[in-house]
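A.B. asks:
In full-length UniProt numbering, the protein residues as written are 1 to 72.
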């Protein structure tokens, strides 16, 4: 089982996880969870790069091994 598979097996849509803000873009923020997998938090405004924020997993994209987040 890959690390991605292990992460998905241990988490579900709706779970709250901590993610690091990697980049703020016009349409949201690009985040990375501690396991190293990226995701998008749409519409995120006043976040600072390098900070850690609690987010809710809204969707898994297994093909791209990334997630979409929602505010927690």
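By construction, the Cβ of each residue, glycine as well, lies at the ideal position given by its N, Cα and C atoms.
Determine the contact status of residue 47 and residue 38, defining contact as a CB-CB distance below 9 Å.
C.D. replies: no
A.B. asks: If we count the other Cβ atoms within 10 Å of its Cβ and call it buried at 16 or more, is residue 69 buried or exposed?
C.D. replies: buried
A.B. asks: For residue 65, which residues of its own chain have a beta-carbon under 7 Å away from its beta-carbon, when the five flanking residues on both sides are left out?
C.D. replies: 4 and 37
A.B. asks: Secondary structure at residue 28, three-state DSSP: helix, strand or coil?
C.D. replies: strand
A.B. asks: In terms of residue numbering, what span does the beta strand (DSSP E) encompassing residue 7 cover?
C.D. replies: Here residue 7 belongs to no beta strand (DSSP E); instead the alpha helix (DSSP H) covers 3-10.
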